[in-house]
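Q: Residue numbering for the sequence shown follows the working numbering, beginning at 1382 and increasing consecutively.
Glycine residues also receive a C-beta, built at the ideal position from the N, C-alpha and C atoms.
Quick caveat, the model's predicted, so the values are computed rather than measured.
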Amino acid sequence: MNTQHIPVLYDKVVEFLKPKPDGIYIDGTVGLGGHSLAILKASAPDGRVIGIDLDVEALTVAKDRLHAFGGRCSLVNGNFTEMDVLLERHSVHAVDGILLDLGVSSLQLDAPHRGFSFNHTGPLDMRMDPRQELSSEHETALTAMQVVNNSTVDVLADIFKRYGEERFAKRIAGRIVRARQQGPITTTTQFAEIVKQAVPQKASKIHPATRVFQALRIHVNAELENLSTGLEVAIPLLKPGGCLCVITFHSLEDRIVKHCFRTWARTCICPPKTPVCICEHSPSVEVLTRRPVLPSVAEIQQNPRARSAKLRAARKL
Ligand SMILES: C[S@@+](CC[C@H](N)C(=O)[O-])C[C@H]1O[C@@H](n2cnc3c(N)ncnc32)[C@H](O)[C@@H]1O
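1) Got a sec, what are the start and stop residues for the beta strand (DSSP E) N1500 sits in?
2) So that I know if they touch, is there some Cβ in chain D lying closer than 8 Å to that of G1623?
3) Is it right to say A1694 is buried, meaning 16 or more other beta carbons lie within 10 angstroms of its own, or is it exposed?
4) Please say whether F1642 and V1666 have beta carbons closer to each other than 8 Å?
5) Helix, strand or coil: which one does DSSP assign to D1408?
6) What's the gap between the Cα of I1557 and the Cα of L1418?
7) Report yes or no: do three or more beta-carbon pairs, one from the stretch 1476-1485 and one from the stretch 1619-1637, lie closer than 8 Å?
8) Would you mind giving the Cβ-Cβ distance between D1436 and D1510, rounded to the nearest angstrom? I have them listed as a contact below 8 Å.
9) When every heavy atom of ligand 1 is checked, does at least one fall within less than 7 Å of the C-beta of Q1489?
10) What do you get for I1575, buried or exposed, if any count of 16 or more other CB atoms within 10 angstroms of its CB means buried?
11) List, from N- to C-terminal side, the alpha helix (DSSP H) runs of 4 residues or more that fit wholly inside the stretch 1383-1448.
12) Along the chain, which unbroken stretches of the alpha helix (DSSP H) at least 4 residues long are found entirely within the stretch 1548-1595?
13) For the stretch 1624-1677, which segments carrying the alpha helix (DSSP H) assignment without a break, of at least 4 residues, lie completely within its bounds, in sequence order?
14) Could you check how far apart the C-beta atoms of I1762 and N1684 are, in whole angstroms? I think they sit under 8 Å.
15) Could you tell me which residues DSSP pairs with G1478 in its beta bridges?
16) Between the Cα of P1589 and those of Q1527, S1498, G1564, N1530, spot the shortest distance and give me the residue it belongs to.
17) For my contact list, G1428 and G1404 are in at a C-beta cut-off of 8 Å; report their separation, rounded to the angstrom.
18) For Q1571 and P1493, I'd like the C-alpha separation in whole angstroms.
19) Cβ-heavy atom distance between A1439 and ligand 1 below 7 Å?
20) Quick one: Cα of T1533 to Cα of A1554, how far?
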């Protein structure tokens, strides 16, 4: 099992969270535990981390890696949208810092059986939580294979456009619907080849299926919905002075974080034409990053997966 996940913007996360002894921190996306390790080291001797992840495979690796910290580190399988409930179970009501490092880990990307990458042949799966089953609400399917084989052409085009900002969304969706008449589309590489054939063969720096893979993954895991809910759940859990750090990997995510932080930091929420402020609104955070913090050239050279990372941080007032 490859566990070579290099934590992105490691020093910056520590700089913003300022972990302290006796502090309690939530790592809402513990992954392989790289950032949790940093927080535990910086908050020695008795700072605590509650690490959450959807992925039981990742948690097994993180558990091994963070074993030496004993009771200072608790790992929980779950969704960060439920961090308030998960904290209650640990009898914790407020924390000193929260980190969300979004997207997929190297473990997920590099494991063919998880179906996240067109670089490896595997089942077209893409669930971060391999135990995620049919959604009872919509009866929609929640592996990428089910989405690709059962959705209408319009639904597919909408997913590719909305979550991948894919220019050729309609053409790709049409091609998929024709291809599946020959039989189900079951593997990552089979799917990537169909996408490749649908788009003009112009020289492009990225693989032609990159955006469609991103879109499907975001859809299957409800990533944008989870992010919006997670941010709303996070802020009330912070103690005054506590910090929320979010690392995003594409503009759709970054936009959500930027907008949320801006809304929380507003001093007035009166309608635009109100002559005098009557709302008596008080901001709940101070934004610490007017612009997102980006990885240095040296970090990107060492870890090319960091190249699209953006870190935003806000402090609870
Ligand atoms: C980029 S990795 C995190 C890497 C981690 N910071 C490290 O240093 O190893 C993102 C992780 O977040 C998890 N994840 C994504 N969305 C989640 C959610 N809504 N709730 C819990 N975990 C989530 C994924 O399963 C993945 O393991």
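A: Per the coordinate set shown:
1) From DSSP, N1500 is part of no beta strand (DSSP E); its letter is neither H nor E.
2) You won't find chain D in this structure, because it holds only one protein chain.
3) Answer is buried; the Cβ neighbour count reaches 16.
4) Taking the C-beta atoms as reference points, F1642 is found nearer than 8 Å to V1666.
5) Strand at D1408.
6) Roughly 43 Å between the two C-alpha positions.
7) They touch, by the three-pair rule.
8) Going by Cβ atoms, the distance from D1436 to D1510 rounds to 6 Å, so yes, they are a contact pair.
9) Result yes, Cβ under 7 Å from ligand 1.
10) By the 10 Å Cβ count, I1575 comes out buried.
11) Counting whole runs of 4 or more residues, the stretch 1383-1448 contains the alpha helix (DSSP H) stretches 1391-1398, 1415-1423, 1437-1447.
12) The alpha helix (DSSP H) runs lying completely inside the stretch 1548-1595 and spanning 4 residues or more are 1550-1560, 1569-1579, given in chain order.
13) Taking only runs of at least 4 residues, the alpha helix (DSSP H) segments lying wholly in the stretch 1624-1677 are 1632-1646.
14) In the structure as shown, the chain begins at 1382 and stops at 1698. Residue 1762 is therefore absent and cannot be evaluated.
15) The partner list for G1478 (beta bridge, DSSP) reads Y1406, C1624.
16) Distances from the alpha-carbon of P1589 to those of Q1527, S1498, G1564, N1530 put S1498 closest.
17) The beta-carbon distance between G1428 and G1404, rounded to whole angstroms, is 5 Å. This is short enough to meet the 8 Å contact definition.
18) Distance between the alpha carbons of Q1571 and P1493: 13 Å.
19) Distances from the CB of A1439 to the heavy atoms of ligand 1 include at least one below 7 Å.
20) The alpha-carbon atoms of T1533 and A1554 are separated by roughly 8 Å.
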